[in-house]
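S.K.:
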Amino acid sequence: MRTDLAGISLKNPLIAASGTFGFGQEFGEYFDPGILGAIATKGLTLEPRMGNRGRRIHETPAGMMNSIGLQNPSVAVFIAEELPRMRSYGTEIIANVGGAGIEDYEEAIELLEATDISIIELNISCPNVKEGGMAFGIRCSSARRIVRAIRRCCTKKLMVKLSPNAENIVDMAYTCAEEGADALSLVNTFNALAIDIENRRPVFNNVTAGLSGPAIKPIALRMVYEVAKAVDLPVVGIGGISNWKDAVEYIMAGATAVQVGTANFVDPLTMPKIIEGMQLYMKREGIQNLSEIRGIIGGNHG
Amino acid sequence: MRTDLAGISLKNPLIAASGTFGFGQEFGEYFDPGILGAIATKGLTLEPRMGNRGRRIHETPAGMMNSIGLQNPSVAVFIAEELPRMRSYGTEIIANVGGAGIEDYEEAIELLEATDISIIELNISCPNVKEGGMAFGIRCSSARRIVRAIRRCCTKKLMVKLSPNAENIVDMAYTCAEEGADALSLVNTFNALAIDIENRRPVFNNVTAGLSGPAIKPIALRMVYEVAKAVDLPVVGIGGISNWKDAVEYIMAGATAVQVGTANFVDPLTMPKIIEGMQLYMKREGIQNLSEIRGIIGGNHG
Amino acid sequence: MENKGYREFPVISNEAVVENIYRMDLGGDFIAEPGQFFMLRSKGAGPLLSRPLSICDISQGYLTFLYAVVGEGTAILSRKRPGDAVQLLGPLGNSYKVKSERKTALIGGGIGIAPLLYIAKTAEIKPDIYLGFRDAPFFEKEFEAYAGKLQIATETGGVGYRGFVTDIRNWDDYDELFACGPMPMLKALSRKVVDCELYLSLEAHMACGIGACLGCAVETVHGMKRVCKDGPIFSAKELIL
Amino acid sequence: MENKGYREFPVISNEAVVENIYRMDLGGDFIAEPGQFFMLRSKGAGPLLSRPLSICDISQGYLTFLYAVVGEGTAILSRKRPGDAVQLLGPLGNSYKVKSERKTALIGGGIGIAPLLYIAKTAEIKPDIYLGFRDAPFFEKEFEAYAGKLQIATETGGVGYRGFVTDIRNWDDYDELFACGPMPMLKALSRKVVDCELYLSLEAHMACGIGACLGCAVETVHGMKRVCKDGPIFSAKELIL
Ligand SMILES: Cc1cc2nc3c(=O)[nH]c(=O)nc-3n(C[C@H](O)[C@H](O)[C@H](O)COP(=O)(O)OP(=O)(O)OC[C@H]3O[C@@H](n4cnc5c(N)ncnc54)[C@H](O)[C@@H]3O)c2cc1C
Ligand SMILES: Cc1cc2nc3c(=O)[nH]c(=O)nc-3n(C[C@H](O)[C@H](O)[C@H](O)COP(=O)(O)OP(=O)(O)OC[C@H]3O[C@@H](n4cnc5c(N)ncnc54)[C@H](O)[C@@H]3O)c2cc1C
Ligand SMILES: Cc1cc2nc3c(=O)[nH]c(=O)nc-3n(C[C@H](O)[C@H](O)[C@H](O)COP(=O)(O)O)c2cc1C
Ligand SMILES: Cc1cc2nc3c(=O)[nH]c(=O)nc-3n(C[C@H](O)[C@H](O)[C@H](O)COP(=O)(O)O)c2cc1C
Ligand code: FES
Ligand code: FES
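These protein sequences, in sequence, are chains W, R, X and L. Under the numbering used here, residue 302 is the last one in the first sequence; the count climbs by one each step, no gaps. Under the numbering used here, residue 1302 is the last one in the second sequence; the count climbs by one each step, no gaps. Under the numbering used here, residue 2241 is the last one in the third sequence; the count climbs by one each step, no gaps. Under the numbering used here, residue 3241 is the last one in the fourth sequence; the count climbs by one each step, no gaps.
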């Protein structure tokens, strides 16, 4: 299942999604993270962040909302304390970078430039931080500014993570492609609302929070399909993937690789199970290489 | 629970959503449709439509996708054959109108002008017909054209039904308000994709289809909240409402009334149960009028 | 107008008759016509939509379903044990009666044999019954008491006629045929039958089961019809398959 | 590193001890520390996320949970019958041991009494136990064998001390206190206790239970900590409640 993602060769197309796999350590108790195609780190920012106060998790039908607020120890601490251990897993590490203003992003990237990480995932789509974050991911004009700025200082592979709240996901993808992104990953969480009717106020202090999980899969899959068909970049599909069938759907929609998020919480062994399931599936169907089915429903890949 | 919707007085804020309640007849076997605040008809078009071929229904986690394709007997046949019976229920009838081009919409409205129906729900958001339909509901400029044209020929209350696929739901709401809409209802279904991996093709002939049900509620609720806060029109909340608590959440987000769709399929008695549940809730909480809680989480209503 | 909706019934027994095929008996006094179906679900757990299942049999005090485990909904069903409860809406759909003045055969393929038992049991005169299976037959003994002639076909030839049940014979010496099974079987039968009335019981993906969603539409010479409300039984002449 | 994850265990019994409070026993040989918890769910049905439940007791061949039915997840749990199975991940979190050299009291409020039993049972020396209830006490007899002193408080005064369990006495003559219960109770206790070591077992909404999602974060003087991984037991001194 070896997969080429923008020139980086992954063992397989299964990537742990940012913010759902920590820095890998917790899952090490359950399986060897080295079997994964890659791990995207928890969203990193220039300065350490303690994240949001109040409720952070709310369950919804077949989904969950979160308002973690990019709690992280900072890029510098990540590089010093987490990266060496993550390196030892023997899988590709993708640094997911968030931020408030363009300068923050730039400085964070600069620090990462000095490491041996080969892929940066630029999170312009986190709905849970007040300043910056998702704001960049809604309109093409803002996205263009940040991708252009980051591209200038980033010699690593640059994967831009798109928000499903973007006004037009395909235009957004074009914009990122034009500004030199090497790959796109989508989707981040959907902006959503839950109300605590007993107390007559929003469940979350920030009012809205990000929806993820199986509930969003049909919408996310449609977006991945549209983007993969439209742009000539590798697309990493994300959203509600819980089993190997979901992963195969994304590949058939045109995704080069996939990320698994919420499902890691539901069962820490989700990802090894998906890898195994896909291997069996490929064997059963006589598929040598996923390119035989990639985009087979009508994308431009495969 | 009497509710004023743009000057029309409804018994209560519970409206059967278009396309999920037929013309009421089927539910008459289970309860008296006269207890509802209103019934929105199946989407009507100028010409009869047989709808889409192939699979029309696909279940998803906590949701469903449909690709019915506006199957309906035409506005004229509706007026002649269905409306008289619907009138006998003694509840408000809302004519939901779809169409391909602006002229179709206009002619359909003209026919309805000659009836005693007081509310038209303009469906600019159906994702399941190739021409027209949702196309109008994505960008403000197209929405403006159609709402303006319809407003000119429509003396009834005009409620525009928004698509969650709109590029910017708040701008869309402003646009409709500017063009003279009397009310807004949202959301219609989310454009979504499902793939039949065995046969390596989309489940639906039209490739994409509309996602509805509890899965979408958190996103739809957020949109209703944003729109109710932004515009000075009554907003009818739709999306995943399955029980009285969901309905109360929408009211607290700022909705004047709510529509129940998919949940009618899950249990034909959903709507009477919601009405009863809300009555008990109001009694328990000492709420005389829903305006006491409407928009209480921070909208401009109540 | 009754305020009925979904009602809960206790599981009396729920056992595999062969691998992946279960028979479930629910306690209650059921009144329904042969050929009808119920929408079925678990209480507060499992998928959003209910699953349609045909009436296989009704006896004093209980109702029988015969079902194949094909996905999540039927898997959950198969884990029900005596004393658990399931919720039913129905009976739904139209029905079919074998009439004494018509020489009738019932033809079932695979799990499509389910509705034939109650149809045979309520017949005015014993119909001939033809049951087709991929490999090993199941549940066929239950039909013995109610069949004029009972004939089995298996594709592998292990039991009875080797091949498709539709190829067992020429059907035109019957006045009337009733068939239920996979679509290719129903299509094959439609093509073969020339001179007798053929009724087909159809399946379709359903959301509501009561005629409201138009999800189960099937094309007929009289326009679109709903499998749940106008069917599930249609005259083959009327269908555009 | 073991490839463990969720494992299935059979329900041996599952009965209401009073209205809405259930005791569930699961069969198996469990090894866990007092104060730890499990993430628990049904197989292939029910909500997406698992529910955290404390270890109430472990005996030869079985594990006991004591839980309140508050929503969908616990309602589904309450319908499980002997022979059904549930899936568990764990044991998870840190633990708490009553040490012989420290004069210790365990204080529980409402369903917060659940973890106290196994803590008392595994204590090096019998702790004093104080249990508070709204109205009628429940499960209190189970503690008798393991308590130095056992005292009950009820808000209505029906049994034992009338009022909050936190107000039963001055706590400062204990060396150490362990408390579990609703947040207002824990806060009240934190304010009252001056001179002894206070440990609190916290609750938080959890997605993963293994430290990955950061959903259960709680603010401490050493920054954000995770209730599931760094807790559920924290020294009151370190918490910013
Ligand atoms: C009128 C009618 C009567 C039926 N009677 C029987 C019967 O007596 N015994 C029996 O074993 N089966 C019967 N079926 C088929 C049965 O409904 C499906 O096998 C069942 O719904 C599959 O559910 P699942 O969750 O296990 O499968 P999944 O494939 O996981 O289901 C996914 C979705 O597709 C729908 N679906 C899948 N297969 C079918 C199908 N063949 N027909 C309709 N919807 C389907 C499900 O209802 C569900 O919404 C009948 C179908 C209809 C329409
Ligand atoms: C470490 C730990 C140990 C616990 N031990 C016990 C115990 O032994 N006995 C017991 O009765 N309860 C215990 N709880 C609380 C128990 O987890 C909740 O009552 C339960 O999750 C409610 O689920 P529900 O679906 O019935 O309620 P719902 O309110 O419908 O649940 C909705 C969501 O909120 C979460 N949730 C609701 N209440 C709580 C809560 N108090 N704490 C954490 N999450 C919550 C649920 O897990 C679910 O994700 C413990 C909680 C934690 C964190
Ligand atoms: C608890 C949680 C934390 C997340 N944190 C981040 C983050 O820090 N950076 C980021 O780019 N995405 C973050 N995400 C988004 C996920 O990476 C993923 O895009 C999203 O959850 C959709 O995938 P899923 O449905 O598989 O969960 C987070 C998601 C969850 C649920
Ligand atoms: C089967 C089906 C048919 C529908 N047909 C129409 C329609 O004809 N016109 C329309 O405006 N909306 C139609 N809708 C959308 C619903 O009215 C509603 O906006 C949507 O389903 C979201 O609400 P829900 O989550 O409660 O179902 C249809 C929805 C479904 C599921
Ligand atoms: S299933 Fe809804 S109309 Fe037939
Ligand atoms: S529940 Fe996920 S980190 Fe604690």
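Glycine residues also receive a C-beta, built at the ideal position from the N, C-alpha and C atoms. Bear in mind the structure is a predicted one, so any value in this text is a computation, not a measurement.
Would the C-beta of X:C2228 count as close to ligand 3, meaning under 7 Å from any of its heavy atoms?
M.R.: No.
S.K.: So L:N3045 contacts chain X; which residues on that side make the cut at Cβ distance below 8 Å?
M.R.: Here the sequence assigns Ala to residue 3045 of chain L, which means Asn is not the residue at that position. Ordered by position in chain X, the residues that pass the 8 Å Cβ test against L:A3045 are S2042, A2045, G2046, I2076.
S.K.: So what does DSSP say about W:A192, is it helix, strand or coil?
M.R.: Here W:A192 sits in strand by DSSP.
S.K.: How close, in whole Å, do the beta carbons of R:I1068 and R:A1257 come, if the pair is a contact with beta carbons under 8 Å?
M.R.: Going by Cβ atoms, the distance from R:I1068 to R:A1257 rounds to 24 Å, so no, they are not a contact pair.
S.K.: Who are the neighbours of L:E3072 on chain X, taking C-beta pairs under 8 Å?
M.R.: Those are G2044, listed as they occur along chain X.
S.K.: Can X:V2227 and X:A2204 be called in contact, C-beta distance under 8 Å?
M.R.: In this structure, X:A2204 lies closer than 8 Å to X:V2227 by Cβ.
S.K.: In chain order, what residues of the same chain lie with their CB nearer than 7 Å to the CB of R:Y1030, ignoring the 5 residues before and after it?
M.R.: Here the set comprises P1268, L1269.
S.K.: Measure the C-alpha to C-alpha separation of R:G1034 and R:G1051 and round it to an integer number of angstroms.
M.R.: Whole-angstrom Cα-Cα distance: 29 Å.
S.K.: If you draw a straight line from the alpha carbon of R:G1240 to that of R:S1212, how long is it in whole angstroms?
M.R.: Using only the alpha carbons, I get a separation of about 6 Å.
S.K.: Just the C-alpha distance for R:R1151 and R:I1008, rounded to the nearest angstrom, thanks.
M.R.: Approximately 18 Å between the Cα atoms of the pair.
S.K.: Is it a yes or a no for the stretch 3138-3148 of chain L touching the stretch 3164-3172 of chain L, going by three-plus beta-carbon pairs under 8 Å?
M.R.: Segments in contact, no.
S.K.: Using the three-state DSSP reduction, which class does W:T60 fall into: helix, strand or coil?
M.R.: Residue state, collapsed to three classes: strand.
S.K.: Based on the DSSP output, what are the partners of X:V2017 in its beta bridges?
M.R.: DSSP lists no partner for X:V2017.
S.K.: Taking 8 Å as the cut-off, does the stretch 1222-1236 of chain R touch the stretch 287-294 of chain W (at least 3 CB pairs, one atom from each stretch)?
M.R.: No, the stretch 287-294 of chain W does not touch the stretch 1222-1236 of chain R.
S.K.: From W:F265 to W:G237, what does the alpha carbon distance come to, in whole angstroms?
M.R.: Roughly 18 Å separates the two Cα atoms.
S.K.: Which one of R:C1140, R:E1092, R:K1283 has the shortest CA to CA distance from R:E1179?
M.R.: Nearest C-alpha to R:E1179: R:C1140.
S.K.: Rounded to whole angstroms, what's the CA-CA distance from L:D3173 to L:G3035? Just pull it up for me.
M.R.: Between L:D3173 and L:G3035, the C-alpha separation is close to 23 Å.
S.K.: Return the chain-ordered list of same chain residues with a C-beta closer than 7 Å to the C-beta of W:E107, the five sequence neighbours on each side being excluded.
M.R.: Excluding positions up to five away in sequence, the list reads L46.
S.K.: Please confirm whether any heavy atom of ligand 1 lies closer than 7 Å to the CB of X:I2107.
M.R.: It does not: the Cβ of X:I2107 is nowhere closer than 7 Å to a heavy atom of ligand 1.
S.K.: Give me the Cα-Cα distance between L:L3202 and L:I3233, rounded to the nearest whole angstrom.
M.R.: Rounded to the nearest angstrom, the two C-alpha atoms are 6 Å apart.
S.K.: CB of L:L3177 to nearest heavy atom of ligand 6: below 7 Å?
M.R.: No, ligand 6 has no heavy atom inside 7 Å of this Cβ.
S.K.: For W:F27, which beta-bridge partners are listed by DSSP?
M.R.: Note: W:F27 sits in no beta bridge, so no partner.
S.K.: If you measure from the CB of X:A1982, is any heavy atom of ligand 5 nearer than 7 Å?
M.R.: Lying outside 2001 to 2241, the shown extent of chain X, residue 1982 of chain X is not represented and no answer is given.
S.K.: Using a Cβ cut-off of 8 Å (strictly closer), state whether R:T1091 contacts chain X.
M.R.: No, R:T1091 does not count as interfacial toward chain X.
S.K.: Roughly how many whole angstroms lie between the Cα atoms of X:K2237 and R:A1080?
M.R.: Distance between the alpha carbons of X:K2237 and R:A1080 is about 30 Å.
S.K.: For R:I1216, I'd like the list of residues in its chain whose CB is within less than 7 Å of its CB, leaving aside the five on either flank, ordered along the chain.
M.R.: G1063, F1190, G1239, G1240, listed in sequence order.
S.K.: Report the rounded CA-to-CA distance for R:Y1174 versus X:A2085, giving the unit in angstroms.
M.R.: So the two alpha carbons sit approximately 50 Å from each other.
S.K.: Can you give me the Cβ contacts of L:S3100 inside the same chain, cut-off strictly under 7 Å, excluding the 5 residues immediately before and after it?
M.R.: Once the five neighbours on either side are set aside, the close Cβ partners of L:S3100 are E3124, I3125.
S.K.: When burial is assigned at 16 or more other CB atoms within 10 Å of the CB, is W:R304 buried or exposed?
M.R.: A query on residue 304 of chain W cannot be resolved here, the shown segment of chain W reaching from 1 to 302 and no further.
S.K.: Measuring CB atoms only, is the stretch 3105-3113 of chain L touching the stretch 3178-3194 of chain L, in the sense that at least three cross pairs come out at less than 8 Å?
M.R.: As far as the Cβ criterion goes, the stretch 3105-3113 of chain L touches the stretch 3178-3194 of chain L, which means the pair count is three or higher.
S.K.: Can you give me the C-alpha to C-alpha distance between R:T1003 and R:A1017, rounded to a whole angstrom?
M.R.: Cα-Cα distance, rounded: 17 Å.
S.K.: To the nearest angstrom, how far is it from the Cα of X:Y2096 to the Cα of X:L2049?
M.R.: Rounded to whole angstroms, X:Y2096 to X:L2049 spans 26 Å at the Cα level.
S.K.: Below 8 Å between beta carbons: does that hold for R:D1182 and R:L1158?
M.R.: Yes, Cβ-Cβ distance for R:D1182 and R:L1158 is below 8 Å.
S.K.: For L:L3214, is the beta carbon positioned less than 7 Å from some heavy atom of ligand 6?
M.R.: It does: the Cβ of L:L3214 is within 7 Å (strictly closer) of some heavy atom of ligand 6.
S.K.: Under 7 Å Cβ to Cβ from R:Y1250, same chain only, skipping five residues before and after it: list those, please.
M.R.: Taken in chain order, the residues that qualify are L1221, V1224, G1237, I1241, V1258.
S.K.: Would you list the residues whose beta-carbon is nearer than 5 Å to any heavy atom of ligand 1, in the order they occur in the chain?
M.R.: Ordered along the chain, the selected set is R:E1059, X:F2037, X:L2049, X:R2051, X:P2052, X:L2053, X:S2054, X:Y2067, X:A2068, X:V2070, X:G2071, X:E2072, X:G2073, X:T2074, X:I2111, X:A2114, X:E2203, X:H2205, X:P2232.
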